[in-house]
Amino acid sequence: MGKKFHFKMYGSGDLKNYLLEYIEENNLSNFVTIIENENNVQVMFQNARCVVVTSKVEGFSLNILEAFSFGIPCFSYDCPYGPRNQIKNNINGYLIEQNNTDQFIEVLKRINDFPISEKVQLSVKYLLIDNIIPQWIKLFEKLTLQHFDHQK
């Protein structure tokens, strides 16, 4: 890749032991760390250059939203729903065609094209409470009107 990367993987699951063995067998411990539990989001993101989501299926991702709040771009497979609705190519990250590992590698090589920035933070401005509350009020007003119209 030309540049040195250190991947931090957060969480644990069925593949944890397999991944630990793979890291060890391939002498990757200087490049990959698995961290099971980290409750402090700021610690997770303070030195992050990007967030990589490799899920094949993903709903609305709080992980992506948290990364954006720190100005950190996200790279993800183009899952239906979550990442597709959250990531805008070349604005706050990049969506990669499902299972296209070559494209994923090429995107990661261009990581410096996606600076940590206020631009990334602003990409989720529509989710701020001041923007969400009026939408909820409109929804409840609409539902209330529909309810009373049906009772007439």
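Under the working numbering, the residues of the sequence shown are numbered 3 to 154, in order. Just so it is clear, CB atoms sit at the ideal spot from N, CA and C, and this is done for glycine as well. None of the values given here were measured: they were computed from a predicted structure.
For the stretch 51-96, the continuous beta strand (DSSP E) assignments of 3+ residues that do not extend past its boundaries occur at 53-55, 76-79, in sequence order.
For Pro-75, the number of other beta carbons within 10 angstroms of its own is at least 16, and it is reported as buried.
Sequence-distant partners of Lys-90 (beyond 5 residues in either direction) whose C-beta falls short of 8 Å from its own C-beta, in its chain, are Ser-125.
Cβ neighbours of Met-11 within its own chain (closer than 8 Å, five residues either side excluded): Leu-21, Val-34, Thr-35, Ile-36, Ile-37. In the structure shown, the three-state DSSP call for Ile-118 is coil. Taking 8 Å as the upper bound for CB-CB distance, Thr-56 and Tyr-83 are not in contact here, some 16 Å apart. Here Ile-98 is bridged, per DSSP, to Tyr-79.
DSSP, read as helix, strand or coil, puts Val-34 in strand.
Counting C-beta atoms within 10 angstroms of its own C-beta, Tyr-24 has fewer than 16 neighbours from the protein chains shown and is therefore classed as exposed.
Pro-85 is classed as buried because its beta carbon has at least 16 other beta carbons within 10 Å across all chains shown. Straight across, the Cα-Cα distance linking Tyr-96 with Phe-77 is about 5 Å.
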